[in-house]
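In this note's numbering, the protein residues as written are 35 to 245.
Every residue, glycine too, gets a C-beta built ideally from N, C-alpha and C.
Comments concern the structure below.
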């Protein structure tokens, strides 16, 4: 089976009221698509990173009251989990799809990763102008790299290094109005191309993590 694209109904899941009802919709409507996307990307990602990657689909198991406002799948070298490691993400909010290389606050070695990235500012700057930076994977806010001056990018990385809850994500946000989301093959191509450009930063983070 190949990925057929996202639909308006997929994004509408996040307007369903109540934790149980929304989780049922996520599991029945979105997670099967994540399974297909994961299988279509896994081999390519593993080859590009030169690591055996594993698929993790967010289960939102810690939630007891508030329904999730987004959901995602992740690719990590660890079969046990992804949050403590640099990982790739694809997921949805109600108004966009995100494709991230994510370094989140639960990663014990994030100060080492931040220090490595500080030595690769020019490489980060060399990413295409539509690439974005996020400092919190749980929020929608993100900024285009081309909008950041050097001091702002430096401040983001310094905060990532020094503040316990700070994060650093690189990638794309694709609004629901973009037709690529409804064309499965085109979206898979976009995801592959995006992850290919992010792979050097994944490898930098993994090397820093292992020092």
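| query | Using the rule of at least 16 other Cβ atoms within 10 Å of the residue's Cβ for burial, across every protein chain shown, is residue 188 buried or exposed? | reply | Your numbering for residue 188 matches position 154 in the chain shown. Label assigned to residue 188: exposed.
| query | Whose C-beta lies closer than 6 Å to the C-beta of residue 123 among residues of the same chain, with five residues either side of it excluded? | reply | Counting from one through the chain shown, the residue named residue 123 turns up at place 89. Answer for residue 123: 106, 108, 134 and 136, listed in chain order.
| field | Residues sharing a beta bridge with residue 97, DSSP | value | Counting from one through the chain shown, the residue named residue 97 turns up at place 63. As DSSP reads the structure, residue 97 sits in no beta bridge.
| task | Enumerate in chain order the residues of its own chain whose CB-to-CB distance from residue 190 is below 8 Å, with the five nearest sequence positions on each side excluded. | result | What you label residue 190 is simply residue 156 of the chain shown in a count that begins at 1. Closer than 8 Å at the Cβ level, and outside the excluded window around residue 190, lie 167, 169, 182 and 202.
| Distance CB(residue 242)-CB(residue 103) smaller than 7 Å | Within the chain shown, numbered from 1, the residue matching residue 242 stands at position 208. Within the chain shown, numbered from 1, the residue matching residue 103 stands at position 69. Taking 7 Å as the Cβ cut-off, residue 242 and residue 103 do not qualify as a contacting pair.
| Who does residue 110 pair with in a DSSP beta bridge? | Here residue 110 corresponds to residue number 76 of the chain shown, with the count starting at 1. In the DSSP assignment, residue 110 forms a beta bridge with 88.
| Residues bridged to residue 202 (per DSSP) | As a first step, residue 202 must be located in the chain shown, where it is residue number 168. BP columns for residue 202 point to 137.
| message | To test your reading of the DSSP string, which unbroken alpha helix (DSSP H) runs of 4 or more residues are found completely within the region 131-199? | response | Secondary structure within the region 131-199: the alpha helix (DSSP H) runs of 4 or more consecutive residues, fully enclosed, are 144-152, 155-159 and 184-196 (chain order).
| said: According to DSSP, residue 122 sits in a beta bridge with which residue or residues? | reply: By 1-based counting over the chain shown, the position of residue 122 is 88. In the DSSP assignment, residue 122 forms a beta bridge with 109 and 135.
| Can you tell me whether residue 35 is buried or exposed, with buried defined as 16 or more other CB within 10 angstroms of its CB? | Here residue 35 is taken as the residue at index 1 of the chain shown, counted from 1. In summary, residue 35 is exposed, with fewer than 16 beta-carbon neighbours lying within 10 Å of its beta-carbon over all protein chains present.
| request: Sort 89, 176 and 129 by Cα distance to residue 121 and report the nearest one. | output: Within the chain shown, numbered from 1, the residue matching residue 121 stands at position 87. Checking every option, the nearest Cα to that of residue 121 belongs to 89.
| request: Rounded to whole angstroms, what's the CA-CA distance from residue 236 to residue 142? Just pull it up for me. | output: Stepping through the chain shown from its first residue, residue 236 is reached at position 202. Stepping through the chain shown from its first residue, residue 142 is reached at position 108. Going by the C-alpha atoms only, they are around 16 Å apart.
| said: So, with DSSP's three-state summary, where would you put residue 15? | reply: Residue 15 lies beyond the stretch modelled for the chain, which goes from 35 to 245, so this question has no answer here.
| Is DSSP giving residue 209 helix, strand or coil here? | As a first step, residue 209 is located in the chain shown; it is residue number 175 there, counting from the start. If DSSP states are grouped into helix, strand and coil, residue 209 belongs with the strands.
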